[in-house]
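Each residue of the sequence shown is one higher than the one before, starting from 43 at the first, in my numbering. Cβ coordinates follow ideal geometry from the N, Cα and C atoms, glycine included. Values in this document were obtained by computation on a predicted structure and should not be read as measured data.
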Amino acid sequence: MTATDPMMIGCGEHGELISAVVCKHMLQGQPALAGFVENSSDPNDLQAWCYLCEDKFQQEGGMTDAFREFNGMAIVCVVCYSEAKARHTVPAGH
Ligand SMILES: [Zn+2]
Ligand SMILES: [Zn+2]
Numbered sequence: 043m044t045a046t047d048p049m050m051i052g053c054g055e056h057g058e059l060i061s062a063v064v065c066k067h068m069l070q071g072q073p074a075l076a077g078f079v080e081n082s083s084d085p086n087d088l089q090a091w092c093y094l095c096e097d098k099f100q101q102e103g104g105m106t107d108a109f110r111e112f113n114g115m116a117i118v119c120v121v122c123y124s125e126a127k128a129r130h131t132v133p134a135g136h
């Protein structure tokens, strides 16, 4: 069992931290609720995208170029990741 080697990122807001990946729709300045689909919950390799991306992924049937372009794959720090999670998670029963 080899653990994933964490990739570090120097976050302008939070300093040197483990990196995570979110779609471009979840970045700061996107106040609307986008949904939060977590694809990896490995603390060293967190990855998530929004409901729009999930729909696109189903349409494309996988990681196509069109999907990657739509998704935008933004690297953020783990703190930014959990903030995005808090901001974009759709409340249960909504
Ligand atoms: Zn998205
Ligand atoms: Zn950050």
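How is the beta strand (DSSP E) around residue i delimited, first residue to last?
i	result
Asn86	Run containing Asn86: none; DSSP gives neither H nor E here.
Gly77	Careful: Gly77 lies outside any beta strand (DSSP E) and carries neither H nor E.
Cys53	Met50 to Cys53
Val63	Gly57 to Val64
Just checking residue i against ligand 1 - is the residue's beta carbon closer than 7 Å to any of the ligand's heavy atoms?
i	result
His67	yes
Leu75	no
Cys53	no
Leu88	no
Leu94	yes
Asn81	no
Does ligand 2 have a heavy atom nearer than 7 Å to the CB of residue i?
i	result
His130	no
Val64	no
Cβ of residue i within 8 Å of Cβ of residue j?
i	j	result
Glu48	Asn86	Checking the displayed sequence, the identity of residue 48 turns out to be Pro instead of Glu. In contact: Pro48 and Asn86 (Cβ atoms closer than 8 Å).
Cys65	Gly103	no
Cys95	His130	no
Val132	Leu69	no
Minimum length 4: unbroken alpha helix (DSSP H) runs contained in the stretch 96-121: 107-113
contact_flag[the stretch 111-131, the stretch 58-65] where n(CB pairs < 8 Å) is 3 or more: Contact between the stretch 111-131 and the stretch 58-65 is present: 3 or more CB-CB pairs across the two stretches fall below 8 Å.
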